[in-house]
Every structure is written in structure tokens, then in C-alpha cells.
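Below is one structure, written out as C-alpha cells; the observations come after it.
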Amino acid sequence: MSASHLTLYTETRPRLLSLAYRMTGSLADSEDILQEAWLRFAQVPAEKVGSAAALLTTIVTRLCLDLLRSARKKRETYVGPWLPEPMPDLYLAHEDAMQRETVSYAFLLLLQKLAPAERAVFILREIFDYDYIEIAKVVRKSADNCRQVFHRAKKSLRRELGVQTSAGPHERELLAAFLAACSGDNLEKLVQMLGHDATLLSDGGGKVNASSIPVVGKSKVAKFIFAVRHKGGRKLYYAARMNNTDAIIIYADGKPYAAQFFEYGHGRITRTLIVRNPNKLTLFADREKLLSQGILQPVAKFLGAKATLLIAANSLMRFLFSRRAPSALR
1 MSASHLTLYT
11 ETRPRLLSLA
21 YRMTGSLADS
31 EDILQEAWLR
41 FAQVPAEKVG
51 SAAALLTTIV
61 TRLCLDLLRS
71 ARKKRETYVG
81 PWLPEPMPDL
91 YLAHEDAMQR
101 ETVSYAFLLL
111 LQKLAPAERA
121 VFILREIFDY
131 DYIEIAKVVR
141 KSADNCRQVF
151 HRAKKSLRRE
161 LGVQTSAGPH
171 ERELLAAFLA
181 ACSGDNLEKL
191 VQMLGHDATL
201 LSDGGGKVNA
211 SSIPVVGKSK
221 VAKFIFAVRH
231 KGGRKLYYAA
241 RMNNTDAIII
251 YADGKPYAAQ
261 FFEYGHGRIT
271 RTLIVRNPNK
281 LTLFADREKL
291 LSQGILQPVA
301 KFLGAKATLL
311 IAANSLMRFL
321 FSRRAPSALR
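Each step along the sequence shown adds one to the number in the UniProt record's numbering, with nothing skipped, and position 302 is 302.
Listed below in C-alpha cells is the structure:
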């Protein structure tokens, strides 16, 4: 190993992490893969490195394929819905807007439907702009085969991808109203902001309480959210930019309790995804550090003054109603 090896690896590392994360949906697995890739790269004589980016991409992609093939059985026996590990947008600083769209939960879940080799071909071509000859060398297939695989995968994904996950001004207002309804225990208001066929996926990984099947229908989703809110002690809500959208991180008793994502359509929340598996929340263990880094923000600061007033008003109404209203009205 030479100093140039370390320099080349360090320069390429953010891109390699993006590749591994899209392949696996796991930051922890991606970090392990990059560590192994570094060990292998460091053993290659300097005169044989050639293009460091190409070599490292090949090593990382093949390690991802090996992991996915070996983990297939484990994924099949996973308890309940499987959701990707949340990724703060801080990790995506080197990517352009088009690339960031491909780390949304909706997109990552669709990628998981592709076979490992199909996923690799699609990611290398669509996101990292590799040509088919380069891809063929990485996945050990012919260029023609890679071209066919890519077009088949793209057609499949285009057919299914139609949700909005990025949060514009209207979606941020909707998120503020959602939090206000929760803080005020206003079930009826929450139901109104959910789409008729709203769904909820909750990933506990068999380690904590979570729904083992999707929750479908706006009334059922709203009731499930309220049930979660009132379990597990006092909750603190923080906002974060993760996976190219606005998300919520919930803490209970000082520990990360859940990460919650939202998808939108026709002015409503159409799907909410809740990550509760503690193995996928380890990045959020040090709340104070994340606040100092700006990864986490108080909800009021993140959503703005209008949202702050809305949430405060709902909380006040909840207090007045529960403490002072005649019992017959409660």
C-alpha cells in the first residue's frame, strides 16, 4: 500500500458509499463493504491499479452482489416489512439533484424488487452513467446482455414509480399539519389529511413491536399512528432531511424510537413508512451530536413559524379540553 492508494480511495469513497447503499439499502452493510474494498484495493500494486475509480467500483459492486446473494434467505425470513436504513442527506452532498431522487424510500424499495445483478446493471447505468462495456466487465456479462437487462429493469421501475416523496412547500405544510394533529390528539383531522387508500409500513425486524403486515385505509392508518404515539413513554420529535425528503426522528426516553417517512399525492399523505428496527437507528443514538451537526433540527425550527403556531395551538387545545372541559364533553 502507498500513500497514493489512500488518497485515491478517500477521493472515491463518497461515490462508493452511494453505490453500496443503493445496492443494499443498508448503511451498516455499506460501511462494512467499503472497509473490505479498501483492504483489497490496498493490496493491489500501484503499477496495476490503472483507473482507481473503475477498480474500486468493480470491487464494491461484486462485494455487494456476494452479500445480497448470501443474504437472500435471511431477507425472505425477515419478520414483517423490510425498509431501508435511513440515510441523512449529508451523505449525499457530492450528488446532483437527479441522483438524489434515486435514494428516496419509494425508489429504494423498487430497487429491492430487482435481482442483484439487475440492480447492479441498472444503478451503474442509470445513476453512475457507466457504458455497457464497462458494466459488462463489472458484472461479468456481455455488453448486449447488460443492455437488455437495463431496459427491462427500467421499464419495470417506470411502471411502478409514480409517487411523490420530495417535499415542496405544500408537502411541508401538510407535514406540519400532520404533526399538529398528532400533538393535539386530533384523530379526525389526521384522517382528513390521509389519502383514501393510505398505507403504512412498519419495520421492527422482529426486535420491537411493529405491524407485521401493511396497514391499509386512512382510518386504520390514523389509529395506528395514534396508538404508536401513546406507547413507549414521552416522545420528542425532530425533523431531518433524509433520503432526499423531509422526515421525522422520534426519541423516547432519550433513545431513538423511530424514523418516519411520508409519500404524497393529490394533496394528501398516501403512504407513511416507519423504521423501528433498532439496528437501523444506531446512527441516531447521539442526539446532541446530531443536533450540533445540523442533521437533526427541532421541528419548529425546521418547519417554520407557521407550523410552530399550528402545533402549539393544537397542543393548547388538547390541554384545555382534557383538563377543563366538563367530563361529559371529553
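Beta carbons: idealized from backbone N, C-alpha and C, even for Gly. This structure is a prediction, so every number in the text was calculated from the model and none was measured.
Might you give, ordered along the chain, the residues of its own chain that have their beta carbon closer than 8 angstroms to the beta carbon of Asn221, omitting 5 neighbours on each side?
Sequence index remark: in the sequence shown, residue 221 carries index 221 (1-based). Reading off the sequence, residue 221 comes out as Val, not Asn. Answer for Val221: Leu194, Ala198, Thr199, Leu200, Val215, Thr272, listed in chain order.
Coil, strand or helix - Ser292 by DSSP:
Residue mapping note: residue 292 aligns to position 292 of the sequence shown, counting from 1. Secondary structure of Ser292 (DSSP, three-state): helix.
Please report how far the alpha carbon of Ala52 lies from the alpha carbon of His94, in whole angstroms.
The residue labelled residue 52 in the question sits at position 52 within the sequence shown. The residue labelled residue 94 in the question sits at position 94 within the sequence shown. One C-alpha to the other measures close to 18 angstroms.
Residues in its own chain within less than 7 angstroms of Met87 by CB, not counting five upstream and five downstream?
Looking up residue 87 in the sequence shown gives position 87. Taken in chain order, the residues that qualify are Tyr21, Leu27, Val103, Met242, Asn243.
To which residues does DSSP link Asn268 through a beta bridge?
Start at 1 with the first residue of the sequence shown, and residue 268 comes out as number 268. Residue identity check: residue 268 is Arg in the sequence provided, not Asn. In DSSP, Arg268 forms a bridge with Gly265.
Given this structure, state the Cα-to-Cα distance separating Leu16 from Asn186, to the nearest angstrom.
Taking the sequence shown and counting its residues from 1, the one referred to as residue 16 is at position 16. Taking the sequence shown and counting its residues from 1, the one referred to as residue 186 is at position 186. Between Leu16 and Asn186, the C-alpha separation is close to 45 angstroms.
Which residues mark the beginning and the end of the alpha helix (DSSP H) in which His5 is found?
Sequence index remark: in the sequence shown, residue 5 carries index 5 (1-based). Run containing His5: 3-24, per the alpha helix (DSSP H) assignment.
Reduced DSSP secondary structure (H/G/I, E/B, other) of Asp246:
Here residue 246 is taken as the residue at index 246 of the sequence shown, counted from 1. Annotated three-state conformation of Asp246 is strand, per DSSP.
Burial state of Ile213, where buried means 16 or more other Cβ atoms lie within 10 Å
Translated into the one-based positions of the sequence shown, residue 213 becomes position 213. By the neighbour-count rule (16 or more Cβ atoms within 10 Å), Ile213 is not buried but exposed.
Hey, is the segment 40-56 in contact with the segment 3-10, meaning 3+ C-beta pairs nearer than 8 angstroms?
yes
Please state whether DSSP places Lys48 in a helix, a strand or coil.
Start at 1 with the first residue of the sequence shown, and residue 48 comes out as number 48. The three-state secondary structure of Lys48, taken from DSSP, is helix.
In this structure, how does DSSP classify Phe256 when only helix, strand and coil are distinguished?
Counting from 1 along the sequence shown, the entry for residue 256 is found at position 256. The residue asked about is misnamed: residue 256 is Pro in this sequence, not Phe. Under the three-state reduction of DSSP output, Pro256 falls in the strand class.
Please report the distance separating the alpha-carbon of Leu290 from that of Ala115.
As a first step, residue 290 must be located in the sequence shown, where it is residue number 290. As a first step, residue 115 must be located in the sequence shown, where it is residue number 115. Approximately 35 angstroms, taken between the alpha carbons.
Please tell me whether Val275 and Leu109 are closer than 9 angstroms, where the distance is taken between their beta carbons.
Within the sequence shown, numbered from 1, the residue matching residue 275 stands at position 275. Within the sequence shown, numbered from 1, the residue matching residue 109 stands at position 109. No. Outside cutoff.
What's the call for Gly25, buried or exposed, on a 16-neighbour Cβ count within 10 Å?
Mapped onto the sequence shown, residue 25 falls at position 25. Gly25 should be labelled buried.
For Tyr130, which residues of its own chain have a beta-carbon under 7 angstroms away from its beta-carbon, when the five flanking residues on both sides are left out?
Locating residue 130 in the sequence shown gives position 130, counting from the first residue. Excluding residues within five positions, the ones whose Cβ falls inside 7 angstroms are Leu124.
Which listed residue (Tyr78, Leu34, Glu47) has its alpha carbon closest to that of Thr58:
Here residue 58 corresponds to residue number 58 of the sequence shown, with the count starting at 1. Of Tyr78, Leu34, Glu47, the residue nearest in Cα terms is Leu34.
In the DSSP assignment, what residue or residues form a beta bridge with Ala192?
Here the question's residue 192 lines up with position 192 in the sequence shown. The sequence shown places Gln at residue 192, not Ala. For Gln192, which the question treats as bridged, DSSP gives no partner whatsoever.
Leu19 versus Ala180: straight-line alpha-carbon distance, rounded:
As a position in the sequence shown, residue 19 is number 19, starting the count at 1. As a position in the sequence shown, residue 180 is number 180, starting the count at 1. Distance between the alpha carbons of Leu19 and Ala180 is about 37 angstroms.
Have a look at Gln112 and Ser30 and give me their C-alpha separation to the nearest angstrom.
Taking the first residue of the sequence shown as position 1, residue 112 is located at position 112. Taking the first residue of the sequence shown as position 1, residue 30 is located at position 30. About 15 angstroms.
Let me check understanding here. Comparing Cα to Cα, which of Ala258, Ala177, Arg229 lies closest to Arg268?
Mapped onto the sequence shown, residue 268 falls at position 268. Arg268 has its Cα closest to that of Ala177, out of Ala258, Ala177, Arg229.
Given a threshold of 16 other Cβ atoms within 10 Å of its Cβ, counted over all protein chains shown, does Ser322 qualify as buried or as exposed?
Taking the first residue of the sequence shown as 1, we reach residue 322 at position 322. Any reading at Ser322 must be qualified, since the residue scores a pLDDT of 43, below 50, and its modelled position is unreliable; the value itself is stated next. Classification for Ser322: exposed.
So Arg234 is in the alpha helix (DSSP H); what residue range does that whole segment cover?
Sequence index remark: in the sequence shown, residue 234 carries index 234 (1-based). Here Arg234 belongs to no alpha helix (DSSP H), and DSSP marks it neither H nor E.
Taking Cβ to Cβ, would you say Phe122 is nearer than 9 angstroms to Phe150?
Residue numbering aside, residue 122 sits at position 122 when the sequence shown is read from its first letter. Residue numbering aside, residue 150 sits at position 150 when the sequence shown is read from its first letter. A contact, by the Cβ cut-off of 9 angstroms.
If you draw a straight line from the alpha carbon of Lys141 to that of Ile133, how long is it in whole angstroms?
The residue given as residue 141 occupies position 141 in the sequence shown. The residue given as residue 133 occupies position 133 in the sequence shown. About 9 angstroms.
Have a look at Glu263, Gly294, Ala259 and flag the residue whose alpha-carbon is nearest the alpha-carbon of Thr282.
Here residue 282 refers to the residue found at position 282 when the sequence shown is read from its first residue. The candidate whose alpha carbon is nearest that of Thr282 is Ala259.
Cα-Cα, which of Glu118, Glu171, Leu190, Asn209 is closest to Arg147?
Your numbering for residue 147 matches position 147 in the sequence shown. Here the closest residue by C-alpha is Glu118.
Short Cβ contact (9 angstroms threshold) for Gly80 with Gly204:
Sequence index remark: in the sequence shown, residue 80 carries index 80 (1-based). Sequence index remark: in the sequence shown, residue 204 carries index 204 (1-based). Contact flag set, yes.
DSSP has Tyr251 in a bridge; who is on the other side?
What you label residue 251 is simply residue 251 of the sequence shown in a count that begins at 1. Paired residues: Leu236, Pro256.
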